[in-house]
Amino acid sequence: MSPPLLPNTAFGAAWLAPEAFRAVGTRRVAVFGDGRLTETVRREVEQACARFGGVSVVEDGADLILALHSWPELPAAAEALRDAAAADPEGFVLSRQREVTVLVAGGPAGLLYGFFHLVRLGEVAFSADRPMEQHRPAMRRRMVDHWDNVAVHDVMGQVERGYSGGSIFWADGSLRKDLTRVRAYGRLLAACGVNAVSVNNVNVHAVEARLLTDRLDDVAALADQLRPYGVRVHLSVSFASPMVLGGLPTADPLDAAVRDWWAGTTRRVYERIPDFGGYVVKADSEGQPGPFAYGRSHADGANLLADALAPHGGVVHWRAFVYNHHQDWRDRSTDRARAAHDHFAPLDGQFRDNAILQVKHGPIDFQTREPVSPVLAAMPRTRLAVEVQATQEYTGQQRHVCYLAPMWREVLDFQPWGPGGARIADVAGGLVAVSNVGDDRFWTGHPLAQANLYAFGRLAWDPGLDPTAILDEWIGLTFPRDASGIPERLRRTVHELMDDSWRTYESYTAPLGVGFMVSPGNHHYGPDVDGYEYTRWGTYHFADRDGIGVDRTWATGTGFTAQYPKPWSGIYESLDQCPDELLLFFHHVPYSHVLHSGTTVIQHIYDTHFAGADRTHEMRSRWREIADTDLVDPDVYARVAERLDEQVRSAEEWRDHINTYFFRKSGVPDAHGRKIY
Ligand code: GCU
0 MSPPLLPNTA FGAAWLAPEA FRAVGTRRVA VFGDGRLTET VRREVEQACA
50 RFGGVSVVED GADLILALHS WPELPAAAEA LRDAAAADPE GFVLSRQREV
100 TVLVAGGPAG LLYGFFHLVR LGEVAFSADR PMEQHRPAMR RRMVDHWDNV
150 AVHDVMGQVE RGYSGGSIFW ADGSLRKDLT RVRAYGRLLA ACGVNAVSVN
200 NVNVHAVEAR LLTDRLDDVA ALADQLRPYG VRVHLSVSFA SPMVLGGLPT
250 ADPLDAAVRD WWAGTTRRVY ERIPDFGGYV VKADSEGQPG PFAYGRSHAD
300 GANLLADALA PHGGVVHWRA FVYNHHQDWR DRSTDRARAA HDHFAPLDGQ
350 FRDNAILQVK HGPIDFQTRE PVSPVLAAMP RTRLAVEVQA TQEYTGQQRH
400 VCYLAPMWRE VLDFQPWGPG GARIADVAGG LVAVSNVGDD RFWTGHPLAQ
450 ANLYAFGRLA WDPGLDPTAI LDEWIGLTFP RDASGIPERL RRTVHELMDD
500 SWRTYESYTA PLGVGFMVSP GNHHYGPDVD GYEYTRWGTY HFADRDGIGV
550 DRTWATGTGF TAQYPKPWSG IYESLDQCPD ELLLFFHHVP YSHVLHSGTT
600 VIQHIYDTHF AGADRTHEMR SRWREIADTD LVDPDVYARV AERLDEQVRS
650 AEEWRDHINT YFFRKSGVPD AHGRKIY
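So, in structure tokens, the structure goes:
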């Protein structure tokens with residue numbers, strides 16, 4: 000039996016709590032425009048006004064005007080914004096003069112995003128004159144990838160690396176019968192600016208492969224639910240589809256029959272779903288089929304699908320997560336961190352215009368701390384998207400509070416060519432998150448993990464937003480409030496738990512950027528320092544009695560540092576200049592090595608692990624202080640409280656494993672005399 004479909008507490012509304020619509024819902028609103036998304040906006044306005052006493056569609060005397068720039072007859076106040084609004088179909092222009100708030104959009108999608116922007120602003124949008132502001136998304140492609148399996152997989156369950164229950168799309172091997180929740184999901188995505196979703200796992204198993212052909216009706220049904228909110232559906236496809244589904248003897252990208260198969264199959268997809276977004280492909284990666292089997296390059300592979308999609312306006316998101324997962328741990332010359340750049344950088348300029356290379360933000364695999372992938376600086380003639388992981392595979396699995404926006408913001412701000420040069424946010428046209436939602440009644444298992452998905456959408460729209468301010472928005476849209484807003488005490492409590500939670504998580508887990516000390520036997524949850532050390536996965540820390548870290552320098556190590564442009568190649572290469580938080584990613588050092596902070600590596604390990612675990616106690620105390628208030632829904636309170644208990648337990652487990660391991664390896668006692676077992 001599948002769990003209940005609809006969220007059964009107010010928190011299930013996530014960042015669209017009904018009360019968040021009060022400011023819009025008390026106005027006299029005029030909407031000018033037509034088309035599906037404009038109708039969605041009209042319905043939203045009606046719903047808000049019905050709840051809060053406003054008037055949804057007025058002819059005269061409006062104090063809120065929402066208009067498409069292309070609408071022939073506009074009131075004078077909107078007419079004045081018409082030209083400025085034309086700039087971007089997803090953008091909008093906002094101003095308030097003489098007690099009328101006016102929003103003119105460059106297209107229907109812009110109207111929808113503008114409407115939710117007003118919801119976010121609340122009364123502020125109606126309280127004083129505002130000079131004209133222009134809003135448009137920084138990134139065109141703002142996509143969430145679901146790693147959902149249609150049928151439950153024997154090892155990975157239904158949602159691979161999912162910590163929020165089952166899939167909201169699929170249950171018991173089929174499309175869910177009631178898709179109400181998918182519609183609600185589309186609405187949430189639109190409200191934070193996301194415009195695309197991929198509905199199945201990048202590891203494409205047999206049942207899921209068929210979504211492309213004989214189960215296309217299922218995909219079409221999902222597209223129907225998401226379309227009213229401007230979210231386009233994408234599919235993960237297997238590179239071997241022509242063989243698996245089409246019965247061909249090969250999937251060689253240069254084979255004429257293979258090309259015909261993809262062209263015909265893709266045409267049928269578009270006949271059924273005219274606004275289908277395109278494909279997502281994991282090829283030659285962790286056992287998935289790919290072009291290497293035919294001696295072809297990944298540009299050949301990606302272009303095959305790009306050519307099939309091009310006549311219909313679709314794109315292929317081709318993942319750069321390609322590495323040897325059968326490495327010999329004794330071989331010190333092979334370096335998984337190098338793999339994506341080695342494979343892809345030489346192909347720059349060879350990809351079609353509708354092929355987007357989707358690059359994980361770091362060179363390894365979504366660790367708590369990694370440098371930014373050098374691939375993102377090596378492919379100026381290729382369309383790029385950065386992939387981040389909202390699902391907290393390596394950051395506490397939605398049992399720990401870990402607000403990821405500060406990490407993502409650092410990635411997007413990184414300037415590969417040094418100060419004053421372009422940022423990652425400037426070179427990437429897309430941001431993609433691996434989804435963290437499921438059929439859990441709070442959507443994300445840990446209620447506070449909703450903020451990660453919200454923040455992802457907001458950063459894809461505007462990578463310059465401050466993570467603390469985004470969190471503040473999320474709090475304002477999510478928690479119950481009275482007419483005067485969210486109580487200050489609640490706001491403060493949530494900030495205290497979340498603002499620094501990523502760094503807190505980092506402090507009690509793997510140190511100084513070394514990564515991968517997680518348990519392979521427990522699906523990457525909890526510490527197992529040597530869990531991956533003697534395996535084929537290429538994720539090693541090389542700790543011994545003398546020191547720890549991976550020598551990735553070109554002088555004496557794997558040469559990975561040379562994949563960065565100047566100045567970073569030099570900074571990472573230099574033991575003196577390498578930032579502390581990435582030291583062990585780039586260098587193997589003795590435990591006595593002194594960090595920029597002035598402390599030794601071994602003492603840093605002890606100090607951060609004690610402090611991090613202590614900090615989780617403080618977080619739990621802060622939450623308990625609001626136990627007997629009515630500041631949050633009792634179910635939400637209880638769920639967060641239960642998870643904080645687990646976070647405290649797990650942080651102590653991490654602290655004790657890591658500290659004991661390194662104490663025994665190094666024999667160096669804690670300078671502060673604390674007990675290490
Ligand atoms: C990680 C994760 C896998 C996933 C892979 C990917 O390695 O553990 O479950 O399939 O990333 O991004 O493809």
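Mapping of the sequence shown onto numbering that gives the first Met the number 0: position 218 corresponds to residue 217, and the numbering continues sequentially without gaps.
Backbone N, C-alpha and C fix where the C-beta goes; we use that ideal spot for every residue, glycine too.
It should be emphasised that the depicted structure is a prediction, and the values quoted were computed from it without experimental measurement.
Would you list the one or two residues that DSSP bridges to residue i?
i: residue 666; result: Paired residues: none, contrary to the question.
i: residue 235; result: 279
i: residue 140; result: 429
i: residue 63; result: 28, 100
i: residue 566; result: Note: residue 566 sits in no beta bridge, so no partner.
i: residue 170; result: 173
i: residue 537; result: Residue 537 is not bridged to any residue.
i: residue 599; result: 593
i: residue 91; result: 104, 134
i: residue 547; result: 588
i: residue 195; result: 142, 231
i: residue 526; result: 517
i: residue 54; result: 27
Compare the C-alpha of residue i against each of the options and name the closest.
i: residue 516; options: 501, 539, 497; result: 539
i: residue 128; options: 225, 399, 101; result: 101
i: residue 328; options: 211, 536, 295, 311; result: 536
i: residue 396; options: 39, 624, 526, 480; result: 526
i: residue 591; options: 551, 584, 583, 600; result: 600
i: residue 553; options: 410, 546, 567; result: 567
i: residue 491; options: 276, 652, 467, 509; result: 467
i: residue 644; options: 659, 628, 614, 673; result: 614
i: residue 126; options: 147, 533, 94; result: 94
i: residue 451; options: 388, 478, 464, 496; result: 388
i: residue 356; options: 369, 287, 302; result: 302
i: residue 642; options: 660, 623, 657, 656; result: 623
i: residue 147; options: 19, 157, 138; result: 157
i: residue 374; options: 360, 332, 367; result: 360
i: residue 107; options: 226, 245, 542, 651; result: 226
i: residue 594; options: 557, 580, 176; result: 580
i: residue 311; options: 324, 264, 292; result: 264
i: residue 137; options: 154, 90, 270, 116; result: 90
i: residue 192; options: 111, 382, 248; result: 111
i: residue 18; options: 41, 646, 120, 99; result: 120
i: residue 498; options: 349, 402, 117, 255; result: 402
Report the CB separation of residue i from residue j in whole angstroms; it is logged as a contact under 8 Å.
i: residue 631; j: residue 489; result: 7 Å
i: residue 84; j: residue 104; result: 6 Å
i: residue 208; j: residue 166; result: With a Cβ gap of about 17 Å, residue 208 and residue 166 do not count as contacting.
i: residue 313; j: residue 277; result: 4 Å
i: residue 582; j: residue 548; result: 7 Å
i: residue 587; j: residue 541; result: 6 Å
Would you say the beta carbon of residue i comes nearer than 7 Å to a heavy atom of the ligand GCU?
i: residue 580; result: no
i: residue 609; result: no
i: residue 320; result: yes
i: residue 143; result: no
i: residue 176; result: no
i: residue 202; result: yes
i: residue 434; result: no
i: residue 284; result: yes
i: residue 160; result: yes
i: residue 281; result: yes
i: residue 132; result: no
i: residue 527; result: no
i: residue 364; result: yes
i: residue 369; result: no
i: residue 392; result: yes
Taking 7 Å as the cut-off, is the CB of residue i close to at least one heavy atom of the ligand HEM?
i: residue 527; result: Summarising the ligand content, the structure contains the ligand GCU and does not contain the ligand HEM.
(request) Counting only runs of 3+ residues fully inside the stretch 440-470, write out the beta strand (DSSP E) ranges in chain order. (result) No beta strand (DSSP E) of 3 residues or more sits fully in the stretch 440-470.
(request) Would you mind listing the beta strand (DSSP E) stretches within the stretch 272-335 that are 3+ residues and don't spill past its ends, in chain order? (result) Fully enclosed beta strand (DSSP E) runs of no fewer than 3 residues occupy 277-280, 314-318 of the stretch 272-335, in order along the chain.
(message) Which complete beta strand (DSSP E) runs does the stretch 348-405 hold, if anything under 3 residues is left out?
(response) Those beta strand (DSSP E) runs which fall completely within the stretch 348-405 and span 3+ residues are 354-359, 382-388.
(message) In chain order, what are the residue ranges of uninterrupted alpha helix (DSSP H) at least 4 long that sit wholly in the stretch 111-162?
(response) You should have 123-126.
(request) Jot down the residue ranges of each uninterrupted alpha helix (DSSP H) in the stretch 476-517, minimum 4 residues, whole runs only, in chain order. (result) Taking only runs of at least 4 residues, the alpha helix (DSSP H) segments lying wholly in the stretch 476-517 are 487-497, 500-507.
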